[in-house]
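Numbering (the working numbering), first residue to last: 236 to 337. Beta carbons: idealized from backbone N, C-alpha and C, even for Gly. Being a predicted model, the structure only gives us computed values, none of them experimental. Just below is one structure, and these are the notes that go with it.
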Amino acid sequence: MHRRERRRYVIGYGGSLLLTFATFGVAHLFGIETPGVYLTIGLLGLAQLVLQLVYFLHIDRRRSSREDLHLVLFSTMVLLIMIFGTVWVLGNLAIRMHMHVM
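Printed below as a string of structure tokens:
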């Protein structure tokens, strides 16, 4: 059991390092102004989030960790509502003040 846990942590750590280096490599190789780099960085970040949830927090689709998954999904939903609500309100304010939206 201990070897299996340690193996999962090593795989998670290696995968996180690989995704982090891939993100820096994409940004360095193609430049941050290149179209599609932000999407690639976002997708690599999402992959790293899933990897860390599975290998470090042990959240998967099993019955025993379903409550933890619901907690993470609810927290994510609240954060997304806060972020997109703020962007929406500030964008609306910028339009009403006749400012250029970037």
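CB of G260 within 8 angstroms of CB of L286, strictly: Result no, Cβ atoms of G260 and L286 do not sit closer than 8 angstroms.
The alpha helix (DSSP H) enclosing M317, as first and last residue numbers: Looking at the DSSP string, the run of the alpha helix (DSSP H) that includes M317 is 301-331.
7 angstroms CB neighbourhood of L304 in its chain, flanking five on each side removed: Closer than 7 angstroms at Cβ, skipping near neighbours: I294.
CB-CB length for S310 against Q283, believed under 8 angstroms: Incorrect: roughly 17 angstroms between the Cβ atoms, too far for contact.
Residue range of the alpha helix (DSSP H) that includes G249: Bounds of the alpha helix (DSSP H) holding G249 are 237-265.
Residues near A262 in its chain [Cβ-Cβ closer than 7 angstroms; skip 5 each side]: Cβ contact annotation for A262 (same chain, cutoff 7 angstroms, sequence separation greater than five): V272, I276, in chain order.
The alpha helix (DSSP H) enclosing G280, as first and last residue numbers: Run containing G280: 272-290, per the alpha helix (DSSP H) assignment.
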